[in-house]
Ligand SMILES: Cc1cc2nc3c(=O)[nH]c(=O)nc-3n(C[C@H](O)[C@H](O)[C@H](O)COP(=O)(O)O)c2cc1C
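If you want it as structure tokens, here you go:
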């Protein structure tokens, strides 16, 4: 599969947030499971503390809600995430355009930089920064020659924002980040997550990811990494049929560990072999129906 001018042998990779910025872990995951790509946790130019526990809950089979709040070790997380033998995408975050650019400037050796303008879990960061999307993209583009991927969330105006991201210079899009939700415990009715709200992920957002990727692909035929709700190989197939060229996993890894990458890749491979198809043959196939 071609993505950003590079030939990928594998389709399934790791989405941002489930790999710790620890070199030994990244090396082991790269070697044992050979994912199409590894995305780092979102890194900011300075270390940030995560929110207080609880930061992640499982509220239904295959469904999660998290508000870690972009806790990360800062720039030093980049060298911990870059490993030989795997394509690494550095997820950059910040509270101003120059902070995203600072992370990008230090990401030499990565395959691409992914801009997290979509996490709902910390005020002033993530989705708060989509309001100055143009400045973020332009600051990053002038700081690095690496391809720039913009990660968007499941907002009502996501198709319009995707168009703007491409117009401002994004080379590809990652769709989608989590959907903001809230739950209470039923004794004292306090929120289950310390932050109050959290991002919903996993099985329950698959139809949302399918719809958004399809709409964005139909409009722009953009290069897309599909993320959201993939727990089985046939979920990944749906994201390809919606227009994604590669697929990222987050909740599947919390559910089944990193071996989910290999299982889902193998399931896809078997499907394509049985049908006599190549992965490229199905990209966007559902959108045209
Ligand atoms: C525990 C956890 C942490 C996450 N952290 C990040 C993050 O740091 N940056 C980011 O862009 N997305 C983050 N995400 C969002 C995922 O990358 C992904 O977009 C979302 O979970 C939907 O995919 P899924 O249904 O496969 O989990 C996180 C998700 C989870 C579950």
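In our numbering, the protein residues as written are 1 to 289.
A virtual CB, placed ideally from N, CA and C, is assigned to each residue, including glycine.
Considering just the uninterrupted stretch of the beta strand (DSSP E) at residue i, what are its terminal residues?
| i | result |
| --- | --- |
| residue 114 | 112-116 |
| residue 225 | 224-227 |
| residue 65 | 63-66 |
| residue 148 | 148-152 |
Counting along the chain, where does the alpha helix (DSSP H) carrying residue i start and finish?
| i | result |
| --- | --- |
| residue 271 | 259-275 |
| residue 103 | 97-105 |
| residue 26 | 23-33 |
| residue 133 | 133-143 |
| residue 161 | 158-167 |
Count the other C-beta atoms from every protein chain shown that fall within 10 angstroms of the C-beta of residue i, then say buried if there are 16 or more, exposed otherwise.
| i | result |
| --- | --- |
| residue 60 | exposed |
| residue 130 | buried |
| residue 235 | buried |
| residue 127 | buried |
| residue 49 | exposed |
| residue 41 | buried |
Verify whether the separation of the beta carbon atoms of residue i and residue j is less than 8 angstroms.
| i | j | result |
| --- | --- | --- |
| residue 190 | residue 184 | yes |
| residue 94 | residue 175 | no |
| residue 1 | residue 173 | no |
| residue 122 | residue 74 | no |
| residue 111 | residue 88 | yes |
| residue 66 | residue 201 | yes |
| residue 229 | residue 205 | yes |
| residue 170 | residue 212 | no |
| residue 14 | residue 249 | yes |
| residue 35 | residue 12 | yes |
| residue 143 | residue 105 | yes |
| residue 287 | residue 237 | no |
| residue 295 | residue 199 | Outside the displayed range of the chain (1 to 289) lies residue 295, so it cannot be described from this structure. |
| residue 33 | residue 256 | no |
Work out the CA separation of residue j and residue i for me, nearest whole Å.
| i | j | result |
| --- | --- | --- |
| residue 114 | residue 22 | 19 angstroms |
| residue 77 | residue 108 | 13 angstroms |
| residue 44 | residue 99 | 7 angstroms |
| residue 252 | residue 96 | 32 angstroms |
| residue 8 | residue 51 | 36 angstroms |
| residue 197 | residue 56 | 11 angstroms |
| residue 3 | residue 10 | 11 angstroms |
| residue 289 | residue 208 | 18 angstroms |
| residue 217 | residue 166 | 12 angstroms |
Below 8 angstroms, can you find three or more Cβ-Cβ pairs linking the region 207-224 to the region 77-91?
no
Meets three-Cβ-pair contact criterion under 8 angstroms: the region 158-170 and the region 192-201:
no
Okay, do the region 149-159 and the region 115-122 touch, 3+ Cβ pairs below 8 angstroms being the bar?
yes
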